[in-house]
């Protein structure tokens, strides 16, 4: 029989227990980690809001230089919305397969590069293509960030946090006209070549795109969602992340965390050798189909139609 030389170590070992992710997050407390986490998520939401409202200031300013008529303006504005609509089902499935943080970081960086490319367009086709790509890409941060946020909070805090964070989408539409006014009123002309001059509306796109870059770089400080890791069977990694959250929130050592093991839910997305033989792309599309099918079957179909109608009415208004 091995005797413990330090009572504190024995007690801490005996107190370790098993718990699910929600209970573990609850015991990790609420503090400095979550405050920085919310600021980073707010930046991501601001980036999405900026892109959704950018066309209102970009297109009138670019109208003369690019020779846009009303049909061109309408087409370019619609291109962004078509891009966002076409990716509505795509990014959520990708995030379920590869991880929330990875998708958020990649899409924020891709949107940054898409907007930088938009600074150099010289006709309506190029402008519409860049806006379509931006709409397609920014759909990930605009929706996935709320899932990412919820999975770092205990159940009693999730609703409050998501409702509060939604305010930042509205705030972005208050900040955007101020930025547009400051940039567009400045007589900015920088000639790059005989055919391209960086004017104020091009500079506005670049300034707005910086929010994507800042959000993406800052996002690197955050870990992957513990809930996502548990669904993939990576409970040890999820527990280590929650321990770090506990240590930062409370100032205690990670070893003092009372949870020693995270219980795995009944349904876990484990790796199936048969599925691996099909290829990753096929598995992703099968996952998309299965999740869409569930939404439009009983008992979810009634709620799906109701929520879609409410969202359509809200956005149409």
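In the numbering used here, the protein residues as written are 60 to 376. Using N, Cα and C, we set each Cβ at its ideal position, and we do this for glycine too.
_Let me make sure I understand the geometry here. Which of 101, 152, 169 and 183 has the alpha-carbon closest to that of residue 137?_
Taking the chain shown and counting its residues from 1, one reaches residue 137 at position 78. Each of 101, 152, 169 and 183 was checked against the Cα of residue 137, and the nearest Cα belongs to 183.
*For residue 281, which residues of its own chain have a beta-carbon under 7 angstroms away from its beta-carbon, when the five flanking residues on both sides are left out?*
Taking the first residue of the chain shown as 1, we reach residue 281 at position 222. Result list for residue 281: 96, 99 and 160, in chain order.
*In angstroms, rounded to a whole number, what distance separates the CA positions of residue 329 and residue 247?*
For the purposes of this step, residue 329 is identified with residue 270 of the chain shown, where counting begins at 1. For the purposes of this step, residue 247 is identified with residue 188 of the chain shown, where counting begins at 1. With a pLDDT of 48 at residue 329, under the threshold of 50, the predicted position of this residue should be treated as unreliable, and no value is reported.
_Closest residue to residue 285 among 300, 203 and 319 (Cα-Cα distance)_ = The residue you call residue 285 lines up with position 226 of the chain shown. Of the listed residues, the one whose Cα sits closest to residue 285 is 300.
*To the nearest whole angstrom, what separates the beta carbons of residue 270 and residue 106, a pair I think is in contact under 8 angstroms?*
Looking up residue 270 in the chain shown gives position 211. Looking up residue 106 in the chain shown gives position 47. Confirmed, about 4 angstroms.
*Near residue 277, which residues of its chain fall below 7 angstroms by C-beta distance, leaving aside the five closest residues on each side in sequence?*
Numbered from 1 along the chain shown, position 218 holds the residue referred to as residue 277. Cβ within range, chain order: 99 and 102.
*Count the CB pairs spanning the segment 189 to 198 and the segment 163 to 171 that are closer than 8 angstroms, and state whether there are at least three.*
yes
*Same chain, Cβ closer than 7 angstroms to residue 192, neighbours up to 5 away in sequence not counted*: As a working note, residue 192 is residue 133 in the chain shown. Excluding positions up to five away in sequence, the list reads 142 and 173.
_Considering just the uninterrupted stretch of the alpha helix (DSSP H) at residue 357, what are its terminal residues?_
Numbered from 1 along the chain shown, position 298 holds the residue referred to as residue 357. Segment: none, residue 357 is in no alpha helix (DSSP H) and carries neither H nor E.
_Chain-order list of residues whose beta-carbon lies under 6 angstroms from that of residue 112 (same chain, five-residue window excluded)_ = Residue 112 sits at position 53 when you count from the first residue of the chain shown. Only 232 and 235 meet the Cβ criterion.
*Any idea which residues DSSP pairs residue 7 with across the strands?*
With the chain covering only 60 through 376, there is no way to say anything about residue 7.
*If you follow the beta strand (DSSP E) that residue 250 is part of, which residue opens it and which one closes it?*
Taking the chain shown and counting its residues from 1, the one referred to as residue 250 is at position 191. Here the beta strand (DSSP E) through residue 250 covers 248 to 250.
*residue 26 - containing alpha helix (DSSP H), residue span*: This structure does not reach residue 26, given that the chain is present from 60 up to 376, and the question cannot be answered.
*Find the nearest neighbour of residue 345 within the set 305, 203, 149 and 91, judged by alpha-carbon distance.*
As a working mapping, residue 345 is identified with position 286 in the chain shown. Taking only the C-alpha atoms, the option nearest residue 345 is 149.
*asked:* Considering only their Cβ atoms, is the gap separating residue 256 from residue 245 smaller than 8 angstroms?
replied: Stepping through the chain shown from its first residue, residue 245 is reached at position 186. Stepping through the chain shown from its first residue, residue 256 is reached at position 197. Not in contact: residue 245 and residue 256 (Cβ atoms no closer than 8 angstroms).
*Distance, residue 181 Cα to residue 364 Cα*: Counted from its first residue, the chain shown places residue 364 at position 305. Counted from its first residue, the chain shown places residue 181 at position 122. So the alpha carbons of these two residues sit roughly 42 angstroms apart.
_As a quick exercise: from 92, 351, 94 and 226, pick the residue whose alpha carbon is nearest that of residue 152._
Residue mapping note: residue 152 aligns to position 93 of the chain shown, counting from 1. Here the closest residue by C-alpha is 351.
*May I ask which residues mark the beginning and end of the beta strand (DSSP E) holding residue 256?*
The residue you call residue 256 lines up with position 197 of the chain shown. Here the beta strand (DSSP E) through residue 256 covers 256 to 258.
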